[in-house]
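Written out below as structure tokens is the structure these notes cover.
Protein chains in written order, with our numbering: chain V, 1 to 350; chain R, 1001 to 1350.
So, in structure tokens, the structure goes:
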């Protein structure tokens, strides 16, 4: 017998990192250990909630203008969304509407194949090399579009801008999305390439370097034609996606460039400080340009370390997936959190 | 020559009502003239912005629990999204995945056909009768799903619950979505039918009766199986869609039932007070169960009234669409705003 369930779209949903509600050392979702810009905090605190009765500006002009000013691009080149997941999901829907498979690495942000499945976009995963690196030459094949996370996650490895350029040169006729969620911690942004490639879309987020994961802000910068196509789809889905407070706080945060640079520098300093300590404990750590380590231990299996850390209220990330099931993704926290991590690891690994 | 633009998904985007930034009398997007609950305002004011560095609760448990408590349903029966547009768009994607056309009225919320186009869902628009009413018997034909706005927009007419029941009885094997954006102003909610129909999804919003259009909160209540299907799709799209502040403010607003009822009563009182004044000016006004009027003037064309009001900084809504191009949708504002409207209309119509 037919039921309403016959028409339901089924997907294997993405499983986000655990969000324990009790206080723990949370190194599992690459959040920033420092608070958002005081300017963003002030914008939130001072927001007149009476305004909430009205719809927000559907174009989020205040936020778009701040991003355009800080990155030196035109306002027509900026698109904002509810986290970079929203921006990326909308970009998949907008730009990958052909019959040829889109390409992305086999080990990368685990939402890419989920979106492809959701929107029935054909896709092919290109294996990273044996050192977990992206080989640009692998992307010089026929395809319907390309998505590269740079730095890549969860590997933490960055590709130099010139290598991305090689991918772009081999793919002038499809959309190339570069997901720069972690770029501020040490990658080379592809923004300077926008002048040369009208098929390049650079996506960034407030969730990592700007300490605003809880506000849900992501953005894309690209050619005016790309941003127009993306906006048309966005307005076909939901005109008003970003609330008043978030627009204001996001604009204030973006303009506070000094604070942002200082917080990024603090995270990077901690990362460099604790890298040798992990290595001393016997971890192989991939060269990181992000706010996390991707690490594997020579002797103790990753799932065991993961469970033992959890018992001690320290959360890191582990995937039971081919190639990476003996690796852990560990967010860079404060020095105090990293000290606690190292102490716990010493107990576990001894 | 092939270009990236060949793969772009093209849609005719929804055009939202104008959002003029200068102070005007804004009766064009059915916003509530009164501020949100003081409890919601306090939740926003007192939010500790340091928390923004962390991802929000992906399940928005605090908000879901408040909605479940107030409506006397199980938490597993509640889904929340970034405005009811997000909830509805996600519902189209989730439940309308078959080959048969989904059905909705020819005159209704103008996003329905936009979403159907976006997701390539076959659809058929069923004409309202000559009095702009939905005839339940028209929906007793083979279909892939049904969407009914009740009260309908922009007609403002409500269908009694028993008429919705007739539609449900004729459609046990497909998803029936009832969009109750305006129900609090005088419609009969279908929530009591949920116990009988596991294929019914009721969608509501904070944007109208709860004065929180600017916060972007919508929700759906349905069977656990439906909510599970919807959540799976949501987690495949974007795990964290609702920010911390919005979750808290939304929960506080939901629990402040007294304030909500008082504000709804104020809007309804104004609606009833000004209805005869519009009729005296020569308007035909459809029987409204919403926070707006759908009105047509016997002598002066709608587009002329629209333009003349705009010159006087009074914004109402007009569509250049078949059947309704001589009608205006006018939001119920404060008594002061309605006085200004009536004064302006007297000048225009004289």
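Just so it is clear, CB atoms sit at the ideal spot from N, CA and C, and this is done for glycine as well.
DSSP places residue 1197/R in the coil class of the three-state scheme, outside both helix and strand.
The beta carbon of residue 1049/R sits closer than 8 Å to some beta carbon of chain V.
For residue 1029/R, the neighbours in chain V by C-beta distance under 7 Å run, in chain order, 55. In terms of Cβ geometry, residue 260/V and residue 189/V do not form a close pair [threshold 8 Å]. Following the DSSP letters along the chain, one finds residue 275/V inside the alpha helix (DSSP H) bounded by residues 257-280. In this structure, residue 1216/R sits near residue 240/V, with a CB-CB distance shorter than 8 Å.
Separation of residue 317/V and residue 102/V (C-alpha to C-alpha, rounded to the nearest whole angstrom) is 27 Å. A direct Cα-to-Cα measurement between residue 1142/R and residue 1171/R gives close to 9 Å. Interface with chain V (8 Å Cβ-Cβ cutoff): residue 1083/R is included.
In this structure, the beta-carbon distance from residue 77/V to residue 224/V falls below 8 Å. In the displayed model, residue 1158/R falls within coil according to three-state DSSP, outside both helix and strand. Beta-bridge analysis with DSSP links residue 1284/R to 1296/R.
The Cβ-Cβ distance between residue 183/V and residue 270/V does not fall below 8 Å. The C-beta of residue 1180/R has 16 or more other C-beta atoms within 10 Å across all chains shown, which makes the residue buried. Taken through DSSP and simplified to helix, strand or coil, residue 65/V comes out as helix. Residues 106 of the same chain have their beta carbon placed closer than 6 Å to that of residue 127/V, with the five preceding and five following residues left out of the count. For the stretch 1096-1130 of chain R, the beta-carbon criterion of a distance under 8 Å to any beta-carbon of chain V is satisfied by 1096, 1097, 1098, 1114, 1115, 1117, 1118. Identification of chain R residues near residue 215/V by a Cβ-Cβ cut-off of 7 Å yields 1052, 1243, ordered along the chain.
Under DSSP, residue 315/V takes part in a beta bridge, and its partners are 26/V. Judged by DSSP secondary structure, residue 41/V falls within the alpha helix (DSSP H) whose first and last residues are 38-45. Listed by position along chain V, the residues whose Cβ is nearer than 8 Å to that of residue 1225/R are 5.
Residue 1237/R and residue 1349/R have their alpha carbons spaced roughly 50 Å apart. By the C-beta density criterion, residue 33/V is buried, having at least 16 other C-beta atoms within 10 angstroms. Bridge partners of residue 329/V according to DSSP: 294/V, 317/V. Remark: C-beta atoms of residue 49/V and residue 1041/R approach each other more closely than 8 Å.
Secondary structure in the stretch 107-171 of chain V: the beta strand (DSSP E) runs of 3 residues or longer, each lying completely within the stretch, are 123-126, 146-149 in chain order. Of the residues 169/V, 111/V, 335/V, 44/V, the one whose Cα lies closest to the Cα of residue 268/V is 335/V. Looking at the backbone, the Cα of residue 1165/R and that of residue 1152/R are separated by about 16 Å.
In this model, residue 1112/R and residue 1123/R are separated by some 9 Å (Cα to Cα). In chain order, 9, 11, 13, 118 make up the part of chain V whose C-beta sits under 8 Å from the C-beta of residue 1233/R. Below the 9 Å Cβ cutoff, chain R contributes no neighbours of residue 139/V, its closest Cβ being approximately 15 Å away. With fewer than 16 other Cβ atoms inside 10 Å of its own Cβ, residue 1311/R counts as exposed. Contact check for residue 116/V and residue 248/V: beta-carbon distance about 34 Å, past the 8 Å limit, so the pair fails to qualify. By the neighbour-count definition (other C-beta atoms within 10 Å, threshold 16), residue 120/V is an exposed residue. When C-beta distances to chain V are compared with 7 Å, the residues of the stretch 1172-1206 of chain R below that value are 1173, 1174, 1175, 1199, in chain order. By a beta-carbon distance limit of 8 Å, residue 297/V contacts residue 283/V. Their separation comes to about 5 Å.
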